[in-house]
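Take a look at the structure below.
Number of protein chains: 2
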Amino acid sequence: MKVNNIDGNNSSKNYRTIWMEGTCVFMIEQNLLPFEFKIYKSENYKQTCHAIKTMIVRGAGAIGAAAGFAMAQASTEASDNEYIRGIQIAKTEIEATRPTARNLFTATERVFNAALISKAKAVNEAQNIADEDAQNSLLIGEYGNELIKNGFRIETHCNAGWLAFVDYGTALSPIYLAHKQGKEVFIYVDETRPRNQGAKLTAWELQNENIPYAIIADNAGAHLMSKGKIDMIITGADRIAANGDVANKIGTLEKAIAAKYYNIPFYVAAPKSTFDLDCRTGDEIIIEERDEDEILYQIGLNENHKTEKILISAPNSKAINPAFDVTPADLITGIFTERGIIKPKKQEINKIFNIE
Amino acid sequence: MKVNNIDGNNSSKNYRTIWMEGTCVFMIEQNLLPFEFKIYKSENYKQTCHAIKTMIVRGAGAIGAAAGFAMAQASTEASDNEYIRGIQIAKTEIEATRPTARNLFTATERVFNAALISKAKAVNEAQNIADEDAQNSLLIGEYGNELIKNGFRIETHCNAGWLAFVDYGTALSPIYLAHKQGKEVFIYVDETRPRNQGAKLTAWELQNENIPYAIIADNAGAHLMSKGKIDMIITGADRIAANGDVANKIGTLEKAIAAKYYNIPFYVAAPKSTFDLDCRTGDEIIIEERDEDEILYQIGLNENHKTEKILISAPNSKAINPAFDVTPADLITGIFTERGIIKPKKQEINKIFNIE
Numbered sequence: 001m002k003v004n005n006i007d008g009n010n011s012s013k014n015y016r017t018i019w020m021e022g023t024c025v026f027m028i029e030q031n032l033l034p035f036e037f038k039i040y041k042s043e044n045y046k047q048t049c050h051a052i053k054t055m056i057v058r059g060a061g062a063i064g065a066a067a068g069f070a071m072a073q074a075s076t077e078a079s080d081n082e083y084i085r086g087i088q089i090a091k092t093e094i095e096a097t098r099p100t101a102r103n104l105f106t107a108t109e110r111v112f113n114a115a116l117i118s119k120a121k122a123v124n125e126a127q128n129i130a131d132e133d134a135q136n137s138l139l140i141g142e143y144g145n146e147l148i149k150n151g152f153r154i155e156t157h158c159n160a161g162w163l164a165f166v167d168y169g170t171a172l173s174p175i176y177l178a179h180k181q182g183k184e185v186f187i188y189v190d191e192t193r194p195r196n197q198g199a200k201l202t203a204w205e206l207q208n209e210n211i212p213y214a215i216i217a218d219n220a221g222a223h224l225m226s227k228g229k230i231d232m233i234i235t236g237a238d239r240i241a242a243n244g245d246v247a248n249k250i251g252t253l254e255k256a257i258a259a260k261y262y263n264i265p266f267y268v269a270a271p272k273s274t275f276d277l278d279c280r281t282g283d284e285i286i287i288e289e290r291d292e293d294e295i296l297y298q299i300g301l302n303e304n305h306k307t308e309k310i311l312i313s314a315p316n317s318k319a320i321n322p323a324f325d326v327t328p329a330d331l332i333t334g335i336f337t338e339r340g341i342i343k344p345k346k347q348e349i350n351k352i353f354n355i356e
Numbered sequence: 357m358k359v360n361n362i363d364g365n366n367s368s369k370n371y372r373t374i375w376m377e378g379t380c381v382f383m384i385e386q387n388l389l390p391f392e393f394k395i396y397k398s399e400n401y402k403q404t405c406h407a408i409k410t411m412i413v414r415g416a417g418a419i420g421a422a423a424g425f426a427m428a429q430a431s432t433e434a435s436d437n438e439y440i441r442g443i444q445i446a447k448t449e450i451e452a453t454r455p456t457a458r459n460l461f462t463a464t465e466r467v468f469n470a471a472l473i474s475k476a477k478a479v480n481e482a483q484n485i486a487d488e489d490a491q492n493s494l495l496i497g498e499y500g501n502e503l504i505k506n507g508f509r510i511e512t513h514c515n516a517g518w519l520a521f522v523d524y525g526t527a528l529s530p531i532y533l534a535h536k537q538g539k540e541v542f543i544y545v546d547e548t549r550p551r552n553q554g555a556k557l558t559a560w561e562l563q564n565e566n567i568p569y570a571i572i573a574d575n576a577g578a579h580l581m582s583k584g585k586i587d588m589i590i591t592g593a594d595r596i597a598a599n600g601d602v603a604n605k606i607g608t609l610e611k612a613i614a615a616k617y618y619n620i621p622f623y624v625a626a627p628k629s630t631f632d633l634d635c636r637t638g639d640e641i642i643i644e645e646r647d648e649d650e651i652l653y654q655i656g657l658n659e660n661h662k663t664e665k666i667l668i669s670a671p672n673s674k675a676i677n678p679a680f681d682v683t684p685a686d687l688i689t690g691i692f693t694e695r696g697i698i699k700p701k702k703q704e705i706n707k708i709f710n711i712e
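So the protein sequences, as listed, match chains A and B.
With my numbering applied, the first sequence corresponds to residues 1 to 356, in that order.
With my numbering applied, the second sequence corresponds to residues 357 to 712, in that order.
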């Protein structure tokens with residue numbers, strides 16, 4: 001997708017979040033966004049591991065692509081006499097960078113198997129993984145876009161845009177396509193406390209695409225719905241259970257309940273790789289509790305354009321910081337996938353996995 | 357209520373938010389909380405006006421008391437030969453400090469009428485206003501406390517504690533009483549973006565009373581409800597319409613909808629002065645839109661213990677910042693008032709105003 005104002009001038013340029021050129025992997029330094037736009041160049045698989053670990057690259061799809069590219073780099077770097085051992089060691093190392101990221105393991109497995117045939121096949125397979133991720137996002141956009149009418153005002157939560165994938169994104173992909181086709185859309189961006197990925201990343205993405213938007217406090221959603229100002233809600237997903245329950249960023253559940261109350265369609269956008277069919281219902285999903293400092297402090301840019309962390313609560317307070325919540329399937333109008341829009345029901349989910 | 361750790365030592369002391377001694381008015385400098393505890397001394401009515409205008413004193417009840425005291429100061433200060441004219445000018449000036457605060461006008465009116473009789477009567481009436489405010493809060497606490505069971509986990513939004521009134525507060529008053537009686541309670545404090553009055557003021561109040569609490573992101577409410585972790589929600593109110601619809605800090609509506617979805621009792625605590633019987637329903641209440649900077653920036657304490665404002669969103673973003681929302685009466689379990697707990701229904705509201 002487009003990034004404006006590169007190098008301080010008015011030019012804009014298209015980027016993927018991550019790509020490979022020769023034996024180097026390039027990626028947008030997401031930990032610097034939205035205040036600085038920089039490309040990180042990784043010259044070997046160990047540097048790519050570092051990038052995954054330190055969240056220079058983040059988001060399910062982008063991490064998967066990074067892991068695939070890292071595995072391809074490892075294959076290229078491995079000496080011929082100890083080749084198998086070399087790529088095995090690298091695989092273990094790559095998989096240890098973000099052990100809870102499912103896409104990462106799928107990617108290393110695929111590229112490792114290709115690397116067993118040849119170095120060229122490994123690079124090719126890593127490229128396929130990145131391309132498929134972008135392609136799936138594009139398809140999600142095409143299906144979702146069919147439901148977006150001219151003039152729609154859409155609320156979104158957190159960041160499920162192209163930064164979390166290789167390109168296009170999930171929740172934002174239909175919006176990009178609608179805008180490209182000339183439909184007028186207006187986006188209400190939940191700031192998404194505590195980490196503000198909405199205000200920071202989603203807003204940055206929309207601005208680069210010149211799509212009109214306004215950031216709102218997470219508290220304002222139901223109010224806007226009550227005033228008839230929201231036509232549709234689209235969010236991403238971190239994990240979708242076999243029955244259609246959706247785990248996503250904390251606050252998603254609250255929007256879904258309010259949307260149901262006001263009869264506003266609530267959609268989730270996610271590729272097949274987000275579904276976990278071994279997980280029967282959302283009750284089985286364990287919710288990660290993150291550091292209380294994310295609530296008690298806030299990070300941003302001070303007057304001198306330096307990143308600063310400030311205390312925004314009464315000193316010596318405790319906080320509780322669940323990172324995700326589970327939205328029950330019956331609050332979800334539909335799920336945009338690369339195989340079409342489905343109802344959050346076991347049978348429809350099975351169908352996209354070709355399970356009878 | 358109690359303030360701990362005065363002057364950096366371990367002593368604690370009881371305070372009202374505002375009080376009068378001789379011809380001086382003293383008040384907690386609320387604009388410095390929770391990072392600094394200081395008392396502002398106002399030596400004349402003009403200084404008290406300044407304190408109201410600059411939000412050294414804030415909150416419906418506290419503003420009412422401040423206005424009453426200011427009027428009493430004006431009466432004391434007025435020269436005998438131009439007495440009526442003097443107190444009339446002062447009244448106009450006091451009423452211009454926060455023209456949307458209803459309590460302010462009630463207070464100036466009452467003290468002005470007393471001042472027409474004598475200076476002593478004026479001071480006495482101002483004191484009555486402050487005492488009545490504290491007394492009403494205490495009664496609200498007594499009624500609300502009857503519903504709090506031992507072990508209750510209560511969520512509250514924004515700050516409807518003693519800082520907003522003269523003493524005790526509204527939403528927090530029942531909690532203080534429950535704690536005093538030895539009931540175990542745990543409070544989930546919504547941080548209440550954008551101005552974080554929950555994280556800043558409610559947390560500060562609870563800490564001073566040694567009541568266990570945790571600050572949560574506004575996004576986390578429904579999640580905690582879904583896990584059975586909330587037994588009751590209590591919020592304050594900015595205005596209550598004749599039909600029981602409640603205008604309160606943005607985000608209140610979302611909590612009420614989620615509470616209904618999970619069958620959790622949702623209570624509003626407010627004195628009679630919050631009711632506006634001329635306002636038929638919540639639809640008639642105009643929602644103030646505040647400065648977008650409240651969303652785009654955050655104010656807090658930096659590493660050097662200085663107050664700092666940092667940018668927490670993508671540069672050049674727009675934000676929309678409705679300050680309040682309206683919770684329809686049918687989402688509200690009951691209202692704690694100084695006349696008892698009532699249902700949010702016209703007949704029950706009329707009863708506490710002795711209207712047949």
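Even glycine gets a Cβ: it sits at the ideal position worked out from N, Cα and C.
Would residue i pass as a contact of residue j if the rule is Cβ separation under 8 Å?
i: B:L652; j: B:S629; result: no
i: B:F425; j: B:K447; result: no
i: A:P174; j: A:G141; result: yes
i: B:R646; j: B:V522; result: no
i: B:G554; j: B:A614; result: no
i: A:I342; j: A:I332; result: no
i: B:G592; j: B:A516; result: yes
i: A:C49; j: A:T97; result: yes
i: A:E294; j: A:N302; result: no
i: A:M55; j: A:I154; result: no
i: B:D683; j: B:T608; result: Strictly speaking, residue 683 of chain B in this sequence is Thr, with Asp absent from that position. For B:T683 and B:T608, yes; Cβs fall inside 8 Å.
i: A:G64; j: A:L104; result: yes
i: B:I781; j: B:A534; result: Because chain B here runs from 357 to 712, residue 781 of chain B falls outside it and cannot be looked at.
i: B:I730; j: B:A625; result: Chain B is shown only over 357 to 712; residue 730 of chain B falls outside these bounds and no answer can be derived.
i: A:E209; j: A:Y176; result: yes
i: A:G300; j: B:I666; result: yes
i: B:N677; j: B:P550; result: yes
i: B:V359; j: B:M383; result: no
i: B:M376; j: B:Q483; result: yes
i: B:E648; j: B:A612; result: no
i: A:I52; j: A:M71; result: no
Sort out for me which residues DSSP pairs residue i with in a bridge.
i: A:I28; result: A:I39
i: B:V602; result: B:I596 and B:T683
i: A:Y267; result: A:I234 and A:G334
i: B:R509; result: B:F542
i: B:L667; result: A:L301 and B:Y653
i: A:M71; result: Answer is none; A:M71 lacks a bridge partner.
i: A:K346; result: Beta-bridge pairing links A:K346 to no other residue.
i: A:K2; result: A:N14
i: A:F275; result: A:I240
i: B:I473; result: Answer is none; B:I473 lacks a bridge partner.
i: B:W375; result: B:F382
i: A:I216; result: A:D190
i: B:I697; result: B:F692
Under the assumption that residue i contacts residue j (Cβ atoms under 8 Å), give the Cβ distance between them as a whole number of angstroms.
i: B:N619; j: B:A685; result: With a Cβ gap of about 17 Å, B:N619 and B:A685 do not count as contacting.
i: A:I426; j: A:D325; result: Here chain A has residues from 1 to 356 only, and residue 426 of chain A is not among them.
i: B:A380; j: B:S367; result: This sequence places Cys at residue 380 of chain B; Ala is not what is there. Actually they do not touch by this definition, with Cβ atoms about 23 Å apart.
i: B:A463; j: B:A423; result: 4 Å
i: B:A418; j: B:A490; result: 10 Å between Cβ atoms; not a contact.
* Relative to chain B, which residues along the region 244-273 of chain A have a C-beta separation below 9 Å, given in chain order? -> K249, I250, G251, T252, L253, E254, K255, A256, I257, A258, K260, Y261 and Y262
* Asked: the region 548-570 of chain B: which residues have C-beta closer than 8 Å to a C-beta of chain A, in chain order?
  -> T548, R549, P550, N552, A555, K556, L557, A559, W560, Q563, Y569 and A570
* Please name the residues in the region 290-301 of chain A whose beta-carbon is closer than 9 Å to at least one beta-carbon of chain B, in chain order. => E292, E294, I295, L296, Y297, Q298, I299, G300 and L301
* To do: Please confirm if the region 188-196 of chain A is in contact with the region 204-218 of chain A, defined as three or more CB-CB distances below 8 Å between the two stretches.
  => yes
* Asked: Got a sec: which bits of the region 63-76 of chain A sit with their beta carbon under 8 Å from any beta carbon on chain B, in order along the chain?
  -> none
* Asked: On the three-pair Cβ rule with 8 Å, is the region 370-390 of chain B touching the region 337-352 of chain A?
  -> no
* Can you list, in chain order, the residues of the region 213-231 of chain A whose Cβ is nearer than 8 Å to any Cβ on chain B? -> Y213, A214, I215, I216, A217, D218, N219, A220, G221, A222, H223, L224 and S226
* Residues from the region 668-681 of chain B in contact with chain A, defined by Cβ distance under 9 Å -> I668, S669, A670, P671, N672, S673, K674, A675, I676, N677, P678, F680 and D681
* Contacting positions in the region 26-38 of chain A - beta carbon closer than 9 Å to chain B -> L33, P34 and F35
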